[in-house]
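Here's the structure, in structure tokens; my notes come after.
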Amino acid sequence: MKLILISLLMASSLIHAQDKAPLVITLTSVDKNIHLDSWQISGSAVTPEKPDWSITKKTLHGGKQEGVDLITVDNGKLSFSVIPTRGMSLLNARMDDIYLGWDSPVKEVVHPQYIRLEDRGGLGWLEGFNEWMVRCGLESTGHPGTDSFINNVGDEATMDLTLHGKIGNIPASEVEVIIERVPPHRIRIRGRVDERMFYGPKLEIQTEVSTTPGSASVRISDTITNRGDDPQEFQILYHANYGPPLLEEGAQFVGPVKKVIPFNDHASESIDSYSIYKRPTAGFTEQVYCMTPLADYDGRTTIGLVNRSKNKGISMKFSIQQLPFITLWKNTNSEGEGYVTGLEPGTNFPNNRRIERKFGRVPKLDSGQSHHAEIDFTILKGNKAVGGLIDQIQKIQRRAQPVIETKPENKD
Amino acid sequence: MKLILISLLMASSLIHAQDKAPLVITLTSVDKNIHLDSWQISGSAVTPEKPDWSITKKTLHGGKQEGVDLITVDNGKLSFSVIPTRGMSLLNARMDDIYLGWDSPVKEVVHPQYIRLEDRGGLGWLEGFNEWMVRCGLESTGHPGTDSFINNVGDEATMDLTLHGKIGNIPASEVEVIIERVPPHRIRIRGRVDERMFYGPKLEIQTEVSTTPGSASVRISDTITNRGDDPQEFQILYHANYGPPLLEEGAQFVGPVKKVIPFNDHASESIDSYSIYKRPTAGFTEQVYCMTPLADYDGRTTIGLVNRSKNKGISMKFSIQQLPFITLWKNTNSEGEGYVTGLEPGTNFPNNRRIERKFGRVPKLDSGQSHHAEIDFTILKGNKAVGGLIDQIQKIQRRAQPVIETKPENKD
Amino acid sequence: MKLILISLLMASSLIHAQDKAPLVITLTSVDKNIHLDSWQISGSAVTPEKPDWSITKKTLHGGKQEGVDLITVDNGKLSFSVIPTRGMSLLNARMDDIYLGWDSPVKEVVHPQYIRLEDRGGLGWLEGFNEWMVRCGLESTGHPGTDSFINNVGDEATMDLTLHGKIGNIPASEVEVIIERVPPHRIRIRGRVDERMFYGPKLEIQTEVSTTPGSASVRISDTITNRGDDPQEFQILYHANYGPPLLEEGAQFVGPVKKVIPFNDHASESIDSYSIYKRPTAGFTEQVYCMTPLADYDGRTTIGLVNRSKNKGISMKFSIQQLPFITLWKNTNSEGEGYVTGLEPGTNFPNNRRIERKFGRVPKLDSGQSHHAEIDFTILKGNKAVGGLIDQIQKIQRRAQPVIETKPENKD
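What follows is the structure, encoded as structure tokens:
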């Protein structure tokens, strides 16, 4: 019956191939009671003038990944994979010899049914952590620990927040592929993920990841909406993670910064070299830097990671109205433990929400109100492309001298 | 293979169509290793003289409801849906313009694999709460909090009970459809749900929800049995929830009461209007009233909810030997937060079990002993039907003056 | 597609039937994205000279066992079942009228998605406990309770360990059937189970359970490897459980012991009869004895359980280098509560890890280092076979007088 469904969809879409309306295919839908186990489409059938792309949806098997959905988009130059079952996270991306993602000790794409967020003192999230880009949120994004909330009888009660929140372990309710029939034929993977409960948040995130055939870029474009009637706090943090080949000894974080503050005393010790990476180092303990970025005149900023030879890099461009804070997570541990860095634009830093609230970094949405955020990721290949990024950042940095704090914020 | 199974079942049942033995169809069975993804039957094939009913079993897809079973019974006049995957809860019912159920902020029929009961200080149950009627129990039914138990080494230890217990998030082990071939052709959906563990409760509930073609009633008829060798505490509470059109400003709880006690100080403040409902009210905090019902000479009582115009209502009839306590949960919050009331007959009130035990409201079952409970739900349409309910209740109420307490029980 | 896969595998294997290389069939594989819902093979197709064996893989349905894999091997004389979904545990074994396993109050083969290990003060493991042999481990094997660990920011933090660890509730990532074409045609079921997380253990266990056609023995042969770069603590305990017919009044634990220590004061009371079993006894609280076994000159020891008439028994043979400690768990409670005993060779006793660490019983693996353990289980039928076991044990026991302690270890 599922195969019939696909055929019908394809037939109906081909009939309208002349139309200029985008081709829309539903892969998963709570509303329509649809879930396709496998599916694929290629450019030749939809955009004959740009035939060299494809999209494949499959279901993963074995171990903790039994039943996990995976959508892979190949735009002809760059390919990336999205995980609807894990909150529309991006597993990885690849263009020639440049790989976005990292080699986590977690080897499977773990189904949320196996994640117990409260495990290990609230660090259970780490049993599934291996994505290139995972969203943290939506009720909270930070470290585990106790925070207060109003319970069902109207009393202030306490709850144990868990690391990085729930959204990365909630399966998407509606997943669509949308292909523009007009140039540049943008290919969009849309997924709505609901973080809803009674007597709690009613937050929804409409995620979109898109690219155009032949491009070196991937765009994330998300809208978070408070579907409850009461005002609701929220947080989001885009945990974008990179290992080799971008990360290596001498690789560098680049970005125009207004201020950098070490997350804790351990990070303070290396504040002078906060933007430079070490080789894989056994026993390395994570160092985290909290940054306020500088933006260009249009309110947008660009950050990135570049390798030592400055011939491979990734740039991330976004608005500082949408994502005013950046967390730089350096975890240059040995390879088997996870050699990785995270460039993490967000509405806040990853302290426990009770600390972020104290510093005014827990935004609220009124009923029906939305928060939109967009990040353009571009893979940079060759010294010229990387040099362009560095020039662009230096130009923005000229607007102000960076302030480098040597002590963490006073969190007590 | 599953389709073959269905065909065989159907064939064997049609051969015996002349028999008067009821038609029994197994939808799920641990014993027989059966689980049908989809199935349906219509009255014309089984009871040609009463052809206008049908039963449909389907599997839900997408988001947190991927893989959830749903059985819908349409008796020709009234339809209702049962969720085997969620402890045989009743999702909703409908007859013409009368809907039983409510519009919860939780929009999907959540698979138990996504429920972490211990979440949010023991309120995780609320992430799946959207049914018309969900059973709370069986080990405990009340508020989260610490209670003591005897652990594996024979010591008294403590455990954190979670809101409303586990039974609503345990999938049924045996599910059967049973159709009586003799008038009035009662249609029964039976499901056995096991709440069993080693060094813990070995409780089983044999649930049954039934109706007859063309009727405005649904009957729940359950038997809880202690399958362990040692005596075992248990609790059950039938959390029946109603939103519009029954619930509206001026709607009213009706029922013959011996005593009403507010659950807490906040409920005390509105004790004078405990039976009357407000319009959807932003910022409303739940008010809960604990009632001891009066019964008629046959030991049965009838309670209900009627709309303002007294032309739409629901009645719930049951024995006070079986269900001696009623909890009235008023949650007339704004619609987006959940505008709903619960009429909840039970063996106890929804305090934490340690409090209920103190008040003698935690019954025990000896080895092999059962507790049976039955509730008849009837949809009332028109002023005459609603008036009949009110008359009936007033007649019972004449047996004693209600005692309305203004202060909660002393729970310390 | 799955059926095609099987056919192809079969075809390719039959072509090479003349070869002496073993026949290898993949049932589940993360690497190859394979999961077979059902499969079977019989000896006649592979080893015509030894045709009387078969292997069947099926998927269980209904209740909490929906989707659980079960592999049953029948060697022509003895049959046993393996549960890939539950960490390759062994559900039971049978030879004629001798059954290995027990009648747990948990009747289904529970899918890990329904197990919340942290439940009931860390005793959630007990909701799925009904196997003949379940491995406890790998990060810890003991009682619930707080232990310290190093968290993501390099600080010492605390976590609540849960009873018997995680490995029994992790699904296998790679499952293979391997059949030797050369006599004695050993049949192996291999499954790799990963207990991996970021900022935590990266332990892998390659399990193997095997038998030969017509034999009365089953061999477990496991290798645990630390796949992280940092040294890693680990523990393993083989929780082998027996009910009737081996367990009965007057049944006896047999084994050559260097030292026996009661686990707690309650066990102390019955230290004199520690090796003798009672009839099913209502209200019996578990008694646990911690033993250091004596080994033969080859470093191997043999323990077992024999019935009262000494005509039915099980022997377990293993190396005390690999498994230096034995826990004897006596739970001769009434049948409905679980009449069972566990003979549990391990790297340690089942105290909380923090206590075991104090006594030096938490081994560590360097990066890439492995720990191998093998146990041969043999069913003994008739007085002669049982007498042979007893003789063998007495011979080893002659090497030293057993020390029977009357007080538990000082665990504070």
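Residue numbers (my numbering), protein chains in the order written: chain A, 27 to 438; chain B, 27 to 438; chain C, 27 to 438.
C-beta: ideal position from N, C-alpha, C; glycine also.
Comparing C-alpha positions only, which one of 215/C, 344/C, 181/C sits nearest to residue 323/C? 344/C
Could you say which of 59/B, 238/B, 330/B lies nearest to residue 198/B if we only look at CA atoms? Taking only the C-alpha atoms, the option nearest residue 198/B is 59/B.
Please confirm if the stretch 201-221 of chain C is in contact with the stretch 172-184 of chain A, defined as three or more CB-CB distances below 8 Å between the two stretches. Touching, no, given that fewer than three Cβ pairs across the two stretches are closer than 8 Å.
Going along the chain, which unbroken runs of the beta strand (DSSP E) with 3 or more residues stay wholly within the stretch 42-122 of chain C? Correct list: 49-55, 65-68, 80-85, 95-100, 105-109, 115-121.
Would you call residue 176/A buried or exposed, if buried means 16 or more other Cβ atoms sit within 10 Å of its Cβ? exposed
Helix, strand or coil: how does DSSP classify residue 153/A here? helix
So what does DSSP say about residue 138/C, is it helix, strand or coil? helix
Between which residues of its own chain and residue 355/B is the CB-CB distance below 7 Å, once the five residues before and five after are set aside? Taken in chain order, the residues that qualify are 312, 314, 367, 368, 370.
Name, in chain order, the residues that DSSP records as bridge partners for residue 319/B. For residue 319/B, which the question treats as bridged, DSSP gives the partners 283/B.
Can you tell me whether residue 289/B is buried or exposed? The criterion is at least 16 other CB atoms within 10 Å of its CB, across all chains shown. Per the 10 Å Cβ criterion, buried.
If contact is defined by three or more beta carbon pairs under 8 Å, each pair taking one atom from either stretch, is the stretch 258-269 of chain C in contact with the stretch 415-432 of chain C? In the pairwise beta carbon analysis, the stretch 415-432 of chain C is classified as not touching the stretch 258-269 of chain C: fewer than three pairs are separated by under 8 Å.
Would residue 262/C and residue 163/C be called neighbours here (beta carbons separated by less than 9 Å)? yes
Listing by chain order, which chain B residues have their CB less than 8 Å from the CB of residue 254/A? Chain B residues near residue 254/A: 131, 362, 363.
Give me the chain B residues within the contact set of residue 147/C, using Cβ-Cβ distance strictly less than 9 Å, ordered along the chain. 175, 177, 183, 184, 185, 186
Alpha carbon to alpha carbon, how far is residue 99/A from residue 403/A? 15 Å
Determine contact between the stretch 225-235 of chain B and the stretch 77-84 of chain B, defined as no fewer than three beta-carbon pairs at a distance below 8 Å. The count of Cβ pairs closer than 8 Å, one atom from the stretch 225-235 of chain B and one from the stretch 77-84 of chain B, stays below three, leaving the stretches out of contact.
Tell me, please, whether the CB atom of residue 308/B is closer than 9 Å to any CB atom in chain A? yes
At which residues does the alpha helix (DSSP H) containing residue 427/A begin and terminate? Run containing residue 427/A: none; DSSP gives neither H nor E here.
For residue 166/A, which residues of its own chain have a beta-carbon under 6 Å away from its beta-carbon, when the five flanking residues on both sides are left out? 187, 191, 261, 379
Taking the Cβ atom as the reference point for each residue, do residue 352/A and residue 406/A lie within a distance shorter than 9 Å? no
Using a Cβ cut-off of 7 Å, pull out every chain C residue sitting near residue 139/B, in sequence order please. 139
For residue 66/A, decide whether its Cβ has a neighbour in chain C, counting only Cβ atoms nearer than 9 Å. no
If you draw a straight line from the alpha carbon of residue 147/A to that of residue 153/C, how long is it in whole angstroms? 22 Å
Jot down the residue ranges of each uninterrupted beta strand (DSSP E) in the stretch 347-393 of chain A, minimum 3 residues, whole runs only, in chain order. Unbroken beta strand (DSSP E) runs of no fewer than 3 residues, entirely contained in the stretch 347-393 of chain A, are found at 351-358, 365-372, following chain order.
DSSP has residue 253/A in a bridge; who is on the other side? Looking at the DSSP assignment, residue 253/A forms no beta bridge with any residue, so it has no partner.
With a cut-off of 9 Å, does the C-beta of residue 314/C fall near any C-beta of chain B? yes
Quick one: grab the DSSP three-state call for residue 431/B. coil
Three-state secondary structure (DSSP) of residue 166/C: coil
Taking DSSP as the reference, what is the three-state secondary structure of residue 240/B? coil
Are the stretch 249-260 of chain A and the stretch 276-296 of chain A touching by the rule of at least three beta carbon pairs closer than 8 Å? With the cut-off at 8 Å, the stretch 249-260 of chain A and the stretch 276-296 of chain A do not touch.
Mapping DSSP to helix, strand and coil, what is residue 277/A? coil
At a Cβ threshold of 9 Å, is residue 191/B touching chain A? At a cut-off of 9 Å between beta-carbon atoms, residue 191/B makes no contact with chain A.
Note down the Cα distance separating residue 394/C from residue 361/A, rounded to an integer number of angstroms. The C-alpha of residue 361/A is placed about 13 Å away from the C-alpha of residue 394/C.
Give me the residue from 434/B, 410/B, 317/B, 264/B with the minimum Cα distance to residue 159/B. 264/B
Chain A partners of residue 155/B, CB-CB under 7 Å? 224
Residue 54/C at chain A interface by Cβ criterion, 9 Å: It does; some Cβ of chain A falls within 9 Å.
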